[in-house]
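Student:
Chains as they are written, first to last, in my numbering: chain A, 4 to 185; chain B, 2 to 191.
(1) Could you give the DSSP three-state label for residue 161 of chain B: helix, strand or coil?
(2) Helix, strand or coil for residue 23 of chain B, going by three-state DSSP, please let me know.
(3) From residue 177 of chain A to residue 109 of chain A, what does the alpha carbon distance come to, in whole angstroms?
(4) Closest to residue 75 of chain B by C-alpha separation, out of B:135, B:57, B:184, B:188, would be which residue?
(5) Beta strand (DSSP E) containing residue 136 of chain B: first to last residue?
(6) Do we get a CB-CB distance below 7 Å when we pair residue 87 of chain A with the residues of chain B?
(7) Is the beta carbon of residue 127 of chain B closer than 7 Å to that of residue 92 of chain B?
(8) Only counting the same chain, and skipping five residues up and downstream in sequence, which positions put a Cβ closer than 7 Å to that of residue 4 of chain A?
(9) Buried or exposed: which applies to residue 2 of chain B, given that a residue is buried once 16 or more other Cβ atoms fall within 10 Å of its Cβ?
(10) From the DSSP output, which residues share a beta bridge with residue 87 of chain B?
(11) Beta-carbon of residue 107 of chain B versus every beta-carbon of chain A: anything under 7 Å?
(12) My output table needs one value for residue 141 of chain A: the three-state DSSP class, helix, strand or coil.
(13) Which chain A residues sit within Cβ distance under 7 Å of residue 191 of chain B?
(14) What is the DSSP secondary structure of residue 94 of chain B, counted as helix, strand or coil?
(15) Counting beta carbon pairs with one atom in the segment 96 to 112 of chain A and one in the segment 54 to 74 of chain A, are three or more of them shorter than 8 Å?
(16) Return the bridge partner residues of residue 80 of chain A from the DSSP annotation.
(17) How many whole angstroms separate the CB atoms of residue 81 of chain A and residue 93 of chain A, which I take to be in contact at a CB cut-off of 8 Å?
(18) Can you tell me the Cβ-Cβ gap for residue 112 of chain A and residue 171 of chain A, rounded? I've got them flagged as a contact below 8 Å.
(19) Between A:124, A:76, A:96, A:77, which has its C-alpha nearest residue 83 of chain A's C-alpha?
(20) Under a CB-based cut-off of 7 Å, is residue 83 of chain A close to chain B?
(21) Inspect the beta-carbon positions of residue 172 of chain B and residue 146 of chain B and report whether they are closer than 7 Å.
(22) Could you round the C-beta distance between residue 133 of chain B and residue 89 of chain B to whole angstroms and report it? I think they count as a contact, below 8 Å.
(23) If we define contact as Cβ-Cβ less than 7 Å, is residue 166 of chain A a contact residue for chain B?
(24) Any C-beta of chain B within less than 8 Å: which residues of the segment 99 to 127 of chain A qualify?
(25) Figure out for me which residue from B:158, B:149, B:186 has the closest Cα to the Cα of residue 67 of chain B.
(26) Between the C-alpha atoms of residue 90 of chain A and residue 131 of chain B, what's the straight-line distance to the nearest angstrom?
(27) Verify the CB distance criterion: does residue 55 of chain A have a CB-CB separation below 7 Å to chain B?
(28) Could you spell out the range, first to last residue, of the beta strand (DSSP E) harbouring residue 73 of chain A?
(29) Apply the 10 Å Cβ neighbour rule to residue 51 of chain A and answer buried if 16 or more other Cβ atoms are within range, or exposed otherwise.
(30) Quick check on DSSP: helix, strand or coil for residue 46 of chain A?
(31) Compare the C-beta of residue 18 of chain A with all C-beta atoms of chain B and state if any pair is closer than 7 Å.
(32) In whole angstroms, give me the CA-to-CA distance for residue 21 of chain B and residue 49 of chain A.
(33) Measure the Cβ-Cβ separation of residue 1 of chain B and residue 138 of chain B and say whether it is below 7 Å.
(34) Along the segment 87 to 107 of chain B, what residues have a CB closer than 7 Å to any CB found in chain A?
(35) Can you tell me whether DSSP reads residue 170 of chain A as helix, strand or coil?
(36) From residue 69 of chain B to residue 83 of chain B, what does the alpha carbon distance come to, in whole angstroms?
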């Protein structure tokens, strides 16, 4: 047997197939998971960008100094005299705001359930039989009477809902502060 | 000698057959592929009388529907061919945008929006888990007949959102001489 004959000897059919398609298979093995990964990351980023992320989360019973004011601690109580159907309760959230360098802009964005179904309540509920305290505001006033302001809002929630957090938008850039509630 | 080197017939035909099979398969896949618009089509939720029908952020119970030749609300009154539906509705997960702003009746391919001439459930702000109840009134042509579909949603733009649908047989509806269009109130009295 000559050396020429040895070199020309055909490889087995399976070996030839792997040599011909090995590179393509390797590319497929790399590109498939890469495609899934890229699409997944893109979806995750889109989702995350649209999610509401508070600038600060304030634990229950605590306050925060920001935008030239001391906000909190936020108190919650049942609205006295509220006429609601069975299975409902009116929750009043009260935010004390101590202005330290003039008026600020602030407004309650929502009441959120921090656990379970994570439901979200808006302000502006009309509750028959209850009226807000005379000296309270629904948003921070542009021309306050003094340096202490009380923002007070009411929500109608099903009994058993909670625990809650109150979302407050503060300052010209509407920074979201999340006050956890007892 | 040359003929001996040619691959067998099956091996020569196989790539062509495989290619053709792929083209045919692609054709079937293209046939079975849903249109682009399917991704944001509304999700219909069938409602039955007296049973809550729950969508993404809207739960509706249709209590009854009647045909009336006259409707009234407070000091307002109107004659005509009316369908008055008594519904209770509540939000599910968020009060943001949770108002019953889309209420329409589809009859024979035509869409009739709920009347705005009286205070009703239309545009009513909904609460989570606490139902509001009231009327919706639809003024129809005198010869309206057949099956109508009541569609209720939180937003007139129902793309990728649920729509509560309730079928009404106009010919079998009880007929009342007059019917009040009731403004929204708590479904259960305080």
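Note that the Cβ used here is the ideal one computed from N, Cα and C, for glycine as well.
Tutor: With the structure as the only source:
(1) Position 160 of the second chain, counting from 1, holds the residue named residue 161 of chain B. DSSP places residue 161 of chain B in coil when its eight states are reduced to three.
(2) Counting from one through the second chain, the residue named residue 23 of chain B turns up at place 22. DSSP places residue 23 of chain B in helix when its eight states are reduced to three.
(3) Here residue 177 of chain A corresponds to residue number 174 of the first chain, with the count starting at 1. Here residue 109 of chain A corresponds to residue number 106 of the first chain, with the count starting at 1. For residue 177 of chain A and residue 109 of chain A, the distance between alpha carbons rounds to 8 Å.
(4) For this step, residue 75 of chain B is matched to residue 74 along the second chain. Considering only alpha carbons, the answer is B:184.
(5) Numbered from its first residue, the second chain carries residue 136 of chain B at position 135. From DSSP, the beta strand (DSSP E) with residue 136 of chain B extends over 133 to 141.
(6) Residue numbering aside, residue 87 of chain A sits at position 84 when the first chain is read from its first letter. Yes, residue 87 of chain A counts as interfacial toward chain B.
(7) Sequence index remark: in the second chain, residue 92 of chain B carries index 91 (1-based). Sequence index remark: in the second chain, residue 127 of chain B carries index 126 (1-based). In this structure, residue 127 of chain B lies closer than 7 Å to residue 92 of chain B by Cβ.
(8) As a working mapping, residue 4 of chain A is identified with position 1 in the first chain. Here the model assigns residue 4 of chain A a pLDDT of 43, short of 50, so the residue's position is not dependable and the matter cannot be decided.
(9) For the purposes of this step, residue 2 of chain B is taken as the residue at position 1 of the second chain. Any answer about residue 2 of chain B is weak, because its pLDDT of 45 lies below 50 and its placement is not dependable; what the coordinates show is given next. Residue 2 of chain B should be labelled exposed.
(10) In the second chain, the residue the question calls residue 87 of chain B occupies position 86. Bridge partners of residue 87 of chain B: B:65, B:136.
(11) Start at 1 with the first residue of the second chain, and residue 107 of chain B comes out as number 106. For residue 107 of chain B, the answer is no, since every Cβ of chain A falls outside 7 Å of its Cβ.
(12) Residue numbering aside, residue 141 of chain A sits at position 138 when the first chain is read from its first letter. In this structure, residue 141 of chain A counts as coil in the three-state DSSP scheme.
(13) Counting from 1 along the second chain, the entry for residue 191 of chain B is found at position 190. By Cβ distance, chain A contributes 86, 87, 88.
(14) Here residue 94 of chain B refers to the residue found at position 93 of the second chain. DSSP places residue 94 of chain B in coil when its eight states are reduced to three.
(15) yes
(16) By 1-based counting over the first chain, the position of residue 80 of chain A is 77. Residue 80 of chain A is bridged to A:95.
(17) Here residue 81 of chain A is taken as the residue at index 78 of the first chain, counted from 1. Here residue 93 of chain A is taken as the residue at index 90 of the first chain, counted from 1. Right, their Cβ atoms sit about 7 Å apart.
(18) Start at 1 with the first residue of the first chain, and residue 112 of chain A comes out as number 109. Start at 1 with the first residue of the first chain, and residue 171 of chain A comes out as number 168. That belief holds up - the Cβ atoms of residue 112 of chain A and residue 171 of chain A are roughly 7 Å apart, short of 8 Å.
(19) For the purposes of this step, residue 83 of chain A is taken as residue 80 along the first chain, with counting starting at 1. Ranking the options by Cα distance to residue 83 of chain A, first place goes to A:96.
(20) As a first step, residue 83 of chain A is located in the first chain; it is residue number 80 there, counting from the start. Output row for residue 83 of chain A: interface = no.
(21) Here residue 172 of chain B corresponds to residue number 171 of the second chain, with the count starting at 1. Here residue 146 of chain B corresponds to residue number 145 of the second chain, with the count starting at 1. Yes.
(22) The residue given as residue 133 of chain B occupies position 132 in the second chain. The residue given as residue 89 of chain B occupies position 88 in the second chain. Indeed, because the Cβ distance is near 7 Å, the residues count as touching under 8 Å.
(23) As a working note, residue 166 of chain A is residue 163 in the first chain. So, not an interface residue.
(24) 113, 120, 121, 122, 123, 124, 125, 127
(25) Position 66 of the second chain holds residue 67 of chain B. It is B:149 whose Cα lies nearest to the Cα of residue 67 of chain B.
(26) Within the first chain, the letter at position 87 stands for residue 90 of chain A. Within the second chain, the letter at position 130 stands for residue 131 of chain B. Going by the C-alpha atoms only, they are around 8 Å apart.
(27) The count along the first chain starts at 1 and reaches residue 55 of chain A at position 52. So no, residue 55 of chain A is outside the interface.
(28) Indexing the first chain from 1 puts residue 73 of chain A at position 70. Element bounds for residue 73 of chain A: 72 to 74.
(29) Position 48 of the first chain, counted from the first residue, corresponds to residue 51 of chain A. With fewer than 16 Cβ atoms within 10 Å of its Cβ, residue 51 of chain A is classed as exposed.
(30) The residue labelled residue 46 of chain A in the question sits at position 43 within the first chain. Helix at residue 46 of chain A.
(31) For the purposes of this step, residue 18 of chain A is taken as residue 15 along the first chain, with counting starting at 1. Closer than 7 Å: no.
(32) For the purposes of this step, residue 21 of chain B is identified with residue 20 of the second chain, where counting begins at 1. For the purposes of this step, residue 49 of chain A is identified with residue 46 of the first chain, where counting begins at 1. When rounded, the distance between both Cα atoms is 40 Å.
(33) Any property of residue 1 of chain B remains undetermined from this structure, which presents chain B solely from 2 to 191.
(34) 94, 95, 96, 97
(35) Counting from one through the first chain, the residue named residue 170 of chain A turns up at place 167. Residue 170 of chain A falls in the strand class under three-state DSSP.
(36) Here residue 69 of chain B refers to the residue found at position 68 of the second chain. Here residue 83 of chain B refers to the residue found at position 82 of the second chain. Those two C-alpha atoms are separated by around 5 Å.
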